[in-house]
Amino acid sequence: MTLQSMTGFARVEGTSGRTRWAWELRSVNGKGLDLRLRLPPGLEALEADIRRLAGEAFSRGNLQIGLTTSVSEAQVEAVVNEGALAAVLALRDRLAGTIDPAPLKLDTLLSVRGIVDFREAEESEAETQARDRDIRAGLAEAIRRLADMRRKEGTALADVLLGQVARIEALTAAVEADPSRSVAAIAERLATQVATLMQGATALDRDRLHQEVALLATKADLREEIDRLKSHVRAARELIAEGGPIGRKLDFLAQEFNRESNTICSKSNAAAVTAAGIELKVVIDQFREQVQNLE
């Protein structure tokens, strides 16, 4: 599976009958899958389809999904008020012996208020079904395009993350190979520090001396931190290769990377190791910042 970024944009528009419609989807980072919908009046029934399709395509991200519609050509139809027309004709017949019995003309009827009303023609049921079908197809296409864009962004992020993991591995190797970690260097440093402890101590307890030496030896040893960093590097590469929604897992690894780099800096007794530890922290911060964009 490929990685997905949580950022993306997609727009799909089309025409169905007299209706022109457009879907617009925007996606940004989020802890979960949060949908914010904006639908025209009368099309609220689409919400169920939106949530189903988005849930199938994405697991995380704040998505803004909007639909706009407009009628390109308004069609007007004449509606005859049959009751009013019948009343006018009945009145003519009743007054036939009193007024001019000339036949009623169309323009005369049109001038009578309430006989004929002009209004925008309503879509037939078949036209409405075709429109809704086209709009749903447009939604599916917009979600597909958004997913494609998020995957492209995810592929680019994978390259960046792998480069940062490689840099973390190189810095870990530099710490491991630093001359200050050699047995001779550690022994010399311990001897110097023990001699310092002995100076001015007229009655230094032997047990206390052993405790101090053990503490110094522990601080000088970075083996555990180096091994854990190597293990985290392997885990990060495996996750990136596996793909899918791994953002949370990589974020946890970033925290573990940071914990080990902090310990290395606190234990360091050599300028080179301290410098490598500080650079480790910088690269790990960059790694974690990029991870926040992953699904």
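Residue numbers for the sequence shown follow UniProt numbering, beginning at 1 and rising by one.
C-beta atoms are modelled at their ideal positions from N, C-alpha and C, and glycine is treated no differently.
Top-ranked residue by Cα proximity to residue i, from the options
{"i": "Asp134", "options": "Thr69, Arg38, Arg26", "result": "Thr69"}
{"i": "residue 306", "options": "Ser72, Thr108, Val79", "result": "Because the chain here runs from 1 to 295, residue 306 falls outside it and cannot be looked at."}
{"i": "Arg26", "options": "Glu169, Arg144, Glu238", "result": "Arg144"}
{"i": "Leu229", "options": "Leu161, Glu256, Asp148", "result": "Glu256"}
{"i": "Gln64", "options": "Phe9, Gly42, Val282", "result": "Phe9"}
{"i": "Glu169", "options": "Gly61, Gly83, Ser268, Ala276", "result": "Ala276"}
{"i": "Leu39", "options": "Arg151, Glu176, Glu24, Glu224", "result": "Glu24"}
{"i": "Arg131", "options": "Arg92, Ala22, Ala272", "result": "Ala22"}
{"i": "residue 361", "options": "Gly32, Glu56, Ser111", "result": "The displayed coordinates of the chain run from 1 to 295. Any statement about residue 361 would go beyond what the structure contains."}
Euclidean distance between Cα positions of residue i and residue j
{"i": "Glu47", "j": "Glu153", "result": "27 Å"}
{"i": "Thr128", "j": "Glu44", "result": "14 Å"}
{"i": "Val79", "j": "Ala126", "result": "21 Å"}
{"i": "Arg113", "j": "Ala87", "result": "13 Å"}
{"i": "Asn293", "j": "Glu13", "result": "28 Å"}
{"i": "Pro41", "j": "Leu95", "result": "50 Å"}
{"i": "Lys281", "j": "Ala270", "result": "17 Å"}
{"i": "Gly163", "j": "Ala236", "result": "11 Å"}
{"i": "Gly66", "j": "Thr274", "result": "52 Å"}
{"i": "Val233", "j": "Ala177", "result": "17 Å"}
Residue j beta carbon less than 7 Å from that of residue i
{"i": "Leu157", "j": "Gln290", "result": "yes"}
{"i": "Leu171", "j": "Glu279", "result": "yes"}
{"i": "residue 297", "j": "Thr2", "result": "This structure gives no information on residue 297, because the portion of the chain shown stretches from 1 to 295."}
{"i": "Glu295", "j": "Arg20", "result": "no"}
{"i": "Leu222", "j": "Ile264", "result": "yes"}
{"i": "Asn62", "j": "Val116", "result": "no"}
{"i": "Leu161", "j": "Ile246", "result": "no"}
{"i": "Arg11", "j": "Ser72", "result": "no"}
{"i": "Arg151", "j": "Gln4", "result": "yes"}
Residue-chain proximity (residue i, chain B), Cβ-Cβ < 7 Å
{"i": "Pro179", "result": "The structure shown has no chain B; it contains just one protein chain."}
Legend entry - At least 3 beta-carbon pairs within less than 8 Å: the region 248-268 vs the region 137-150: Output reads no: the region 137-150 does not touch the region 248-268.
Inset, instruction - List in chain order: all unbroken beta strand (DSSP E) runs of 3+ residues lying wholly within the UniProt domain "Endoribonuclease YicC-like N-terminal" (3-158). - result: 8-16, 19-28, 33-38, 61-71, 76-80, 116-120
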